[in-house]
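Only one structure is covered here, and it is reproduced in the block below.
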Amino acid sequence: MRHYIKISLLFAGILILSAQTPSTREYQLKAVFILNFTQFVEWPPNSFSSPQAPLVIGVLGKDPFGNYLEEVLSNEKINGHALVAHRYKSMEDIEKDCHVLYINLSESGKNEKIITNLKGVSILTVSDNPDFLKQGGMIRFYTKDNKIQLQINPEAAKSANLTISSKLLRLAEVITPKLKSK
């Protein structure tokens, strides 16, 4: 039953945040979104070291989720893969088996460098950073009128061999940033 509630929250399209709710509540909702992303993204089979390998959701930088990410992922499976959370202090710590990476770094230049380093790697990148999609990120959370909304860069996902379901794309603003000329 818990699984269906989470899906219905995502398909509501927009989650309303009370103006008086602490940011903790915001990140609890975002953790549920991240769980749901795993149901609407396809990774290439070689993204997993074995059929039993877990689907790893990583957090790079300051962790806004606390223990709530583990609570949301507890006892959940996607296509036979248990869901687990890992925290990373630096890009070098990210294991090759990370599948979803929430990037929360205060320095925009670091975000861009990390996204550049992940080009072609099958990791779904997620952030709140306003420039995230322009830098090559895949999914961005933003708040408008006290509602959590999504922007998705499907071209960035495609270049990482990830397929985002049209069901998820319909819930988001699809953004195709202009490529930087060198």
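First residue of the sequence shown? That's 0 in numbering that gives the first Met the number 0, and the numbers climb one at a time after it.
Beta carbons: idealized from backbone N, C-alpha and C, even for Gly.
None of these values were measured; they are calculated from a predicted model.
query: State the DSSP-derived secondary structure class of SER158, mapped to helix, strand or coil.; result: helix
query: Report the CB separation of VAL182 from LEU161 in whole angstroms; it is logged as a contact under 8 Å.; result: With the chain running from 0 to 181 in the structure shown, residue 182 is simply not present.
query: If you draw a straight line from the alpha carbon of LYS157 to that of ILE102, how long is it in whole angstroms?; result: 19 Å
query: Any idea what DSSP makes of LYS112, helix, strand or coil?; result: helix
query: Should the stretch 122-129 be regarded as contacting the stretch 70-89, the criterion being three or more beta carbon pairs within less than 8 Å?; result: no
query: With three or more beta-carbon pairs closer than 8 Å as the criterion, would you say the stretch 44-51 touches the stretch 165-175?; result: no
query: Just the Cα atoms here: how many angstroms apart are LYS133 and GLU106?; result: 15 Å
query: Considering only residues of the same chain and omitting the five flanking positions on each side of LYS166, which have a CB-CB separation below 7 Å?; result: PHE39
query: How far does the alpha helix (DSSP H) with VAL31 in it extend, from its first residue to its last?; result: 22-36
query: Between the C-alpha atoms of SER116 and LEU82, what's the straight-line distance to the nearest angstrom?; result: Just to set this straight, residue 116 is Asn in the shown sequence, not Ser. Taking the straight line joining both Cα atoms gives about 24 Å.
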